[in-house]
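Right, one structure below, let's go through it.
There are 4 protein chains.
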Amino acid sequence: MTADDLISLRRDLHRKPEPAWREFYTTARIVDELESRLGDDLDGLYVGQDAIAGDHRMAVPVDVELTHWYEQARSAGVDEAVLEHLDGGYTGAVAVLERGDGPTVGLRVDIDGLPQAESTDPTHVPAAEGFRSEHEGAMHACGHDAHATIGVGVLERIAESDFTGTLKVFFQPAEEVVGGGKSMAESDHVRDVDALLAVHIGLDHPTGEVVAGIDGFLAVAHLEATFTGESAHAGGHPEQGRNAVQAMATGVQNLYGIPRHNDGKTRVNAGVVEGGSAANVIPDEARIVAEVRGETTELMEYVKRRAEQVLRSAAEMHDCEVDIETGAEAPSATSDGALVSVVADVAGSTPGVERVVERDELGGSEDATFLMRAVQQNGGTACYVGVGTDHPGGHHTATFDVDERSIGHGIDVLAGVVERLALDGTGSD
Amino acid sequence: MTADDLISLRRDLHRKPEPAWREFYTTARIVDELESRLGDDLDGLYVGQDAIAGDHRMAVPVDVELTHWYEQARSAGVDEAVLEHLDGGYTGAVAVLERGDGPTVGLRVDIDGLPQAESTDPTHVPAAEGFRSEHEGAMHACGHDAHATIGVGVLERIAESDFTGTLKVFFQPAEEVVGGGKSMAESDHVRDVDALLAVHIGLDHPTGEVVAGIDGFLAVAHLEATFTGESAHAGGHPEQGRNAVQAMATGVQNLYGIPRHNDGKTRVNAGVVEGGSAANVIPDEARIVAEVRGETTELMEYVKRRAEQVLRSAAEMHDCEVDIETGAEAPSATSDGALVSVVADVAGSTPGVERVVERDELGGSEDATFLMRAVQQNGGTACYVGVGTDHPGGHHTATFDVDERSIGHGIDVLAGVVERLALDGTGSD
Amino acid sequence: MTADDLISLRRDLHRKPEPAWREFYTTARIVDELESRLGDDLDGLYVGQDAIAGDHRMAVPVDVELTHWYEQARSAGVDEAVLEHLDGGYTGAVAVLERGDGPTVGLRVDIDGLPQAESTDPTHVPAAEGFRSEHEGAMHACGHDAHATIGVGVLERIAESDFTGTLKVFFQPAEEVVGGGKSMAESDHVRDVDALLAVHIGLDHPTGEVVAGIDGFLAVAHLEATFTGESAHAGGHPEQGRNAVQAMATGVQNLYGIPRHNDGKTRVNAGVVEGGSAANVIPDEARIVAEVRGETTELMEYVKRRAEQVLRSAAEMHDCEVDIETGAEAPSATSDGALVSVVADVAGSTPGVERVVERDELGGSEDATFLMRAVQQNGGTACYVGVGTDHPGGHHTATFDVDERSIGHGIDVLAGVVERLALDGTGSD
Amino acid sequence: MTADDLISLRRDLHRKPEPAWREFYTTARIVDELESRLGDDLDGLYVGQDAIAGDHRMAVPVDVELTHWYEQARSAGVDEAVLEHLDGGYTGAVAVLERGDGPTVGLRVDIDGLPQAESTDPTHVPAAEGFRSEHEGAMHACGHDAHATIGVGVLERIAESDFTGTLKVFFQPAEEVVGGGKSMAESDHVRDVDALLAVHIGLDHPTGEVVAGIDGFLAVAHLEATFTGESAHAGGHPEQGRNAVQAMATGVQNLYGIPRHNDGKTRVNAGVVEGGSAANVIPDEARIVAEVRGETTELMEYVKRRAEQVLRSAAEMHDCEVDIETGAEAPSATSDGALVSVVADVAGSTPGVERVVERDELGGSEDATFLMRAVQQNGGTACYVGVGTDHPGGHHTATFDVDERSIGHGIDVLAGVVERLALDGTGSD
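Chains as they are written, first to last, in full-length UniProt numbering: chain Z, 1 to 429; chain U, 1 to 429; chain D, 1 to 429; chain P, 1 to 429.
Okay, structure coming up:
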């Protein structure tokens with residue numbers, strides 16, 4: 001069982017979920033927690049633009065949105081000095097322990113929430129036990145509150161251990177919009193990493209199960225289409241309008257009709273739509289925020305090309321213009337065999353871990369792949385580890401929650417792997 | 001030409017457009033203007049719940065929206081005492097002049113703006129001359145700023161005249177959502193009206209033209225459909241979702257495909273749509289705000305019935321639920337011949353009026369019809385008058401504007417008709 | 001009551017309905033009937049290319065289709081000499097009576113059937129009384145069997161009368177595809193017509209009612225869109241296909257979504273669609289046969305332009321090509337007041353006619369308008385007469401049928417008008 | 001290189017492609033070929049109802065269609081006695097060699113063509129060399145002409161060999177509509193088969209390559225939806241229609257929008273659509289012939305359930321009825337390892353075979369799976385063998401063709417496997 005104080009950190013983060021690039025409270029809270037737990041033991045603690053390559057951020061929201069969340073974090077009473085470093089949506093942190101000669105091991109955890117409402121059902125533990133989201137319309141529905149907590153726990157555990165080498169923990173923002181991974185991968189902190197671990201909780205594996213190496217990351221890209229037509233009085237002159245909502249609806253219907261591909265998985269989703277201003281006005285503007293995925297980058301590009309064609313033709317059909325912006329993207333990546341073996345071995349002897357799955361497929365996307373690829377291209381190794389947890393609702397649903405015992409499992413396995421790598425080397429040449 | 005001070009009233013209202021049930025500044029400003037111009041000459045000035053039958057309001061927005069506009073009006077510095085009467089979205093006013101024996105003549109003007117952005121083009125007069133909307137995303141795109149000004153002008157003119165009888169001017173809120181007409185028609189103020197005039201500016205008639213009697217009001221009803229599905233991770237488990245945005249898009253496409261009807265005009269518009277929360281989540285909620293119209297109530301009911309069938313089937317098709325709320329409605333109505341003749345006669349001898357059109361069709365909807373029908377059912381007469389104005393953009397478009405000379409025409413013609421009715425009777429039995 | 005022998009002509013034609021340009025049996029049967037009834041009394045009887053301007057035919061079917069119906073007519077035992085004149089789809093006839101000095105009066109009747117199945121319901125009179133269609137999938141569902149019979153009856157009646165002048169009866173093919181009117185209007189026979197009558201039975205008017213002058217013909221145009229994509233194995237390589245059926249379905253949905261127009265009636269119909277070859281092949285071809293209509297030619301052109309845009313964009317969206325052919329068209333036309341008065345007057349004193357409606361709107365399209373316009377442009381007059389009939393099913397439905405008494409009413413009124421015109425002149429200058 | 005006379009058999013079959021259940025010429029031609037080559041060496045030759053279990057046929061076309069193809073075969077001059085056995089669409093044949101004690105080995109080849117047009121391009125070999133399809137709109141676009149030829153060749157080869165045991169070759173009809181496999185699997189001939197081989201040419205493998213064991217058959221089901229609405233005059237009374245083509249188009253669009261499934265491949269195709277009768281009639285009937293597939297039967301059932309929901313809701317939305325018939329289905333199946341090894345081994349030493357692929361995925365569907373499962377359930381083994389061929393166009397496209405050298409490879413490998421099994425046993429217990 002994890003120490004109570006880590007559970008209370010997780011619950012505090014759960015209570016204050018912040019979507020991509022708005023992790024002001026979250027970052028400041030993590031920094032505060034690290035300083036109070038580790039204090040001078042930390043050899044480096046970088047936040048905001050010192051942690052990420054700001055120019056490489058993707059899918060950053062508009063200023064008014066950032067300001068709203070910034071002010072909300074300030075009202076919650078966090079350290080203003082830290083907060084100032086984050087101003088403008090430069091969230092995230094990197095914490096470093098230097099313990100003499102030895103490999104540089106990285107651990108990447110993501111910290112953002114999702115813009116969706118949390119269940120109020122009394123059988124939903126966060127609702128029942130009083131740590132349900134205080135931010136209406138936002139929720140930790142993917143376990144990143146647990147990930148951040150594991151990051152803190154591993155740092156503390158290694159600080160207390162005999163580990164020789166360097167440990168860097170990357171508290172990465174904006175994973176859910178695949179917008180943060182690249183900016184972290186492009187920062188200087190990643191350059192000298194010999195072995196990178198990334199972690200995800202749940203993924204339909206129960207408490208007590210660990211997946212040593214996860215693959216099958218779908219490549220992903222975001223598309224935002226803005227349709228512009230012309231408004232008109234819907235009763236008096238419908239023929240004078242150019243109806244952006246008709247264009248949008250045609251677009252949505254045909255996006256989902258893009259042919260499946262025999263070479264592997266493809267995905268498309270029109271995740272956010274909006275348009276129009278009033279019932280009696282022919283809508284002159286509409287918007288689709290969509291994403292496309294593929295088992296390989298080629299497959300993702302296939303769906304993307306067809307999606308753009310659908311959106312352009314839908315606009316043309318209704319005499320509208322369309323502006324298509326390609327937003328955040330993430331490639332695919334693979335867990336290295338040598339590192340997977342180490343994880344499997346360590347997990348196999350970790351108390352509480354009852355079953356080790358050697359490999360599994362994610363079936364989703366992740367911008368940890370940017371960091372994994374960066375390390376692999378520098379000659380290092382990378383591995384994406386799954387830590388099972390009993391979760392009542394699926395990921396990204398209103399009743400998602402984690403079994404808090406699995407936070408302990410995550411810390412035990414990952415700290416164990418870090419220590420083992422210091423002893424045995426990182427498996428890279 | 002209209003007095004400069006009325007022009008400055010119109011421009012001030014134009015600068016602060018307030019959509020339906022949010023006319024806090026507008027109502028207070030009209031009250032203030034009437035008090036300073038007429039003072040003790042007024043025999044009655046009713047605002048908020050004293051002006052309308054609050055229970056009969058339709059399409060009232062949510063509290064948070066009302067609060068935002070209320071606070072904004074307060075910040076603009078209007079009379080707090082008046083404002084308090086309007087709290088909760090009870091907007092609008094009725095002003096009364098009692099000048100001894102004679103008929104009770106009503107004049108109905110509407111005062112609300114639209115939730116759409118105003119043009120910033122330098123050729124757009126309000127932009128060029130500095131009275132463009134200060135409320136981003138809201139605009140007087142249908143001339144109700146001019147209507148309100150005409151109402152004030154007629155009161156002032158009649159107060160200064162030899163008129164004997166009673167004049168009531170109804171400053172009606174929420175016409176654009178056909179939400180205010182019924183609540184005003186149900187108020188006690190309408191009961192004793194012998195002749196009711198309503199006025200609209202523009203309608204594709206140029207400055208100098210007056211339409212004595214407008215008919216052809218389309219009956220209208222609002223529909224709001226909320227689709228509820230189930231969210232899921234769009235990459236990991238698309239099959240677990242029940243996609244409310246797919247249901248919505250299918251709904252929109254098929255709403256516009258409802259068959260035309262041989263008995264007369266029908267209309268349908270999906271004026272506002274929205275759905276989903278994030279690109280990577282299968283959307284579990286979506287909404288369509290639509291309206292249906294018909295040349296008769298039967299035709300409107302035909303479209304409405306088909307629309308509900310489309311929306312229900314669209315939900316079912318995508319395994320979603322749908323909740324359909326029928327919002328505001330307005331019937332059709334007809335201008336009485338006797339009154340039309342009086343208007344035509346007065347207009348024909350009004351300076352600046354170059355052409356009088358006896359009858360025209362509106363081709364849109366109007367909830368003035370509630371007041372017209374109420375008066376007619378009580379044995380009175382009603383007439384809807386059109387005052388031409390050169391308008392660069394169409395009604396409900398970003399470049400709509402009025403030729404301010406037509407405000408003067410409106411006051412002259414309507415005040416002239418009020419005076420004539422006092423002399424000749426109202427044409428009702 | 002009409003003579004039994006005319007009823008048996010009508011029932012024989014009903015039994016053998018032939019769609020547009022396939023009226024081989026019908027034309028030969030009419031010719032035979034005229035020859036046996038009138039013999040040498042006829043001053044002219046023109047068939048096929050002698051009756052119509054062959055180059056101006058529109059919407060002619062493919063050869064194999066023509067051959068099938070030609071052979072079927074031959075098997076039915078009609079006069080081979082007449083049949084040869086019709087070869088290649090040059091159907092129709094013009095019959096002329098010359099009776100000395102006097103006006104040239106034209107009567108146009110159409111003779112084609114529809115490609116739809118007739119009801120087998122025992123309450124459907126043709127089914128019960130044994131004259132249901134013998135051509136499966138074809139039916140006289142619009143009363144043209146009655147029209148042809150009226151044409152024969154009027155010729156016979158006038159031949160027996162004191163009429164002085166010239167009567168020409170135009171037995172026009174291919175009205176249902178608006179393909180025959182132009183070719184008849186362009187023939188020499190129409191040039192010297194002083195007054196043209198056209199007739200239609202039914203149109204929701206009951207037996208005993210006559211509409212003296214019908215207006216409100218919708219202008220119409222036919223569009224045929226052929227989508228070409230690329231086939232592929234639907235299971236093995238869906239991504240290699242370019243799906244013409246998806247393009248077609250998108251086209252259909254959005255054709256019906258073309259905005260209504262405030263200036264008047266518009267119509268669009270995707271009347272015939274087809275596509276694909278097998279369940280397991282991505283369809284590489286699909287077709288839509290559509291029509292667009294408008295209360296004026298401008299409105300029809302508006303819908304046509306939008307329809308073409310929809311079809312082109314639908315193809316592009318699914319990476320297909322589309323070939324759009326504009327087929328038959330017909331303009332609108334108006335019945336002349338002078339002629340309408342004559343018809344109303346004659347009808348008013350015709351036994352069996354209980355009610356005369358001065359004017360009504362058709363609400364559909366008709367290529368009689370080509371002949372009406374041609375005569376009017378030459379300084380003549382034209383009038384489209386409605387003869388009421390109790391019809392159990394609507395026009396173009398499987399249970400349509402006529403009350404045969406109305407055939408007599410049609411002959412009485414039209415022959416009466418022809419005689420009256422000889423006495424009083426044609427109303428043209 | 002294959003003997004010239006087998007090439008000329010293949011080309012003759014290619015010239016006369018016959019779709020499912022219409023293989024009258026094909027069956028008779030195969031019978032004739034076998035009789036002339038093997039004569040009394042054959043121990044059994046069963047055709048029509050003696051070859052298949054007639055009651056288990058699926059997706060049999062209507063009589064008029066069968067009659068057309070039957071008469072066409074008769075005109076081509078085949079043996080009338082054989083033809084009579086096939087009357088009513090009981091096509092296919094089973095040929096048997098009994099050579100004493102030993103295993104019963106089955107070889108299943110399919111013989112039907114596809115209802116699609118063949119390329120006339122001069123670079124398309126069948127067009128250039130004069131054996132392009134003589135049946136317009138039909139084509140051997142999947143190589144079943146080669147399969148049938150391989151079946152004949154293997155029989156001849158084994159008849160001349162020292163093989164001891166029994167060989168049964170199943171010339172199966174109607175594979176393309178997955179309609180014939182079940183009826184052959186249910187026949188008595190399959191009961192005693194110890195080892196079943198099935199073969200397919202091409203599948204994107206080049207000439208010289210052999211795939212020893214193919215798996216990944218998608219389960220498949222056919223759906224035929226017939227929408228019934230109500231016709232009306234499209235110009236006069238569009239509102240009286242209930243538009244079956246609108247229902248169909250909505251159905252098609254949303255079928256393709258059925259969510260992808262994370263558990264594996266799914267497919268949907270609206271392969272044939274049709275509807276309506278004339279441009280000016282609101283269509284009262286429309287039809288979709290669709291298929292759904294899944295990597296497992298569960299996945300196929302998922303798509304089927306969603307498809308039915310889409311079709312039902314599309315009908316309801318447009319006030320139509322829909323009748324959904326579930327047609328032919330096929331399960332998935334797996335090639336047995338022991339048999340795969342034998343094939344790989346034999347192929348490895350077959351001249352002309354340059355490369356042996358142990359296993360590959362089909363990615364399509366096949367009703368050979370009915371026979372494979374039947375044999376496996378009886379304790380036998382089954383293996384589906386791929387014989388590479390350079391094919392210029394993809395399967396099911398207009399330019400598909402085979403490299404005729406691969407017919408020889410197929411005969412060599414399969415005859416070799418049959419002989420080996422007689423020596424070594426069939427690998428089943």
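For every residue, glycine included, the Cβ atom is placed at its ideal position computed from N, Cα and C.
Excluding the 5 residues preceding and the 5 following residue i in the sequence, name in chain order all residues of the same chain whose CB lies nearer than 6 Å to its CB.
{"i": "U/Glu366", "result": "Phe217"}
{"i": "P/Asp204", "result": "none"}
{"i": "U/Glu209", "result": "Arg355 and Gly388"}
{"i": "P/Ala225", "result": "Ile288, Leu311, Val322 and Ile324"}
Could you tell me the boundaries of the alpha helix (DSSP H) in which residue i lies?
{"i": "Z/Arg81", "result": "The displayed chain sequence assigns Ala, not Arg, to residue 81 of chain Z. It spans Glu80 to Leu86 - the alpha helix (DSSP H) in which Z/Ala81 sits, taken as one unbroken run."}
{"i": "Z/Lys265", "result": "No alpha helix (DSSP H) holds Z/Lys265; DSSP gives it neither H nor E."}
{"i": "Z/Lys304", "result": "Thr297 to Met317"}
As a quick exercise: from the options, pick the residue whose alpha carbon is nearest that of residue i.
{"i": "D/Gly394", "options": "P/Asp390, P/Thr297, P/Glu298 and P/Ala232", "result": "P/Ala232"}
{"i": "D/Ala51", "options": "D/Ala328, D/Pro103, D/Glu35 and D/Ala93", "result": "D/Ala93"}
{"i": "Z/Ala286", "options": "Z/Val322, Z/Glu71, Z/Arg191 and Z/Gln253", "result": "Z/Val322"}
I want to verify the contact list: residues of chain U whose CB lies under 8 Å from the CB of residue i, in sequence order.
{"i": "D/Gln253", "result": "Gln253, Asn254 and Gly257"}
{"i": "Z/Pro115", "result": "Ser277 and Ala278"}
Locate the beta strand (DSSP E) running through residue i, then write down its first and last residues.
{"i": "Z/Lys168", "result": "Gly165 to Gln172"}
{"i": "Z/Asp12", "result": "Looking at the DSSP string, Z/Asp12 is not in any beta strand (DSSP E); the run it does join, the alpha helix (DSSP H), is Asp4 to Arg15."}
{"i": "P/Gly294", "result": "Glu285 to Gly294"}
Mind listing the chain D neighbours of residue i? Cutoff is C-beta to C-beta under 9 Å, in chain order.
{"i": "Z/Ala244", "result": "Simply none; closest approach about 13 Å."}
By Cβ distance below 7 Å, which residues in the same chain neighbour residue i in space, the five residues on each side in sequence not counted?
{"i": "Z/Ile201", "result": "Gly143, Ala146, His147, Val387, Thr389, Val402, Ser406 and Gly410"}
{"i": "P/Met1", "result": "Any reading at P/Met1 must be qualified, since the residue scores a pLDDT of 44, below 50, and its modelled position is unreliable; the value itself is stated next. So the qualifying residues of the chain are Arg405 and Gly408."}
{"i": "P/Arg320", "result": "Correcting the residue type first, residue 320 of chain P is Cys in the shown sequence and not Arg. Taken in chain order, the residues that qualify are Phe227, Thr228, Gly229, Arg242, Ala244 and Ala247."}
{"i": "U/Ala270", "result": "Val252, Leu255, Ile288 and Ala290"}
{"i": "D/Glu186", "result": "Ala53 and His56"}
Residues of chain U with CB under 9 Å from residue i, in chain order?
{"i": "P/Pro238", "result": "Pro259, Arg260, His261 and Asn262"}
If you drop the 5 nearest sequence neighbours on each side, which residues of the same chain put their C-beta closer than 8 Å to that of residue i?
{"i": "D/Asp345", "result": "Arg420"}
3-residue-minimum beta strand (DSSP E) runs that sit fully inside the segment 26-110 of chain D, ordered along the chain: 44-47, 93-99 and 104-110
Scan the segment 121-153 of chain D for residues whose Cβ lies nearer than 9 Å to a Cβ of chain A and list them as they occur along the chain. Chain labels in this structure do not include chain A; the protein chains are Z, U, D and P.
Length at least 4, wholly inside the segment 338-381 of chain Z: the alpha helix (DSSP H) runs in chain order: 368-377
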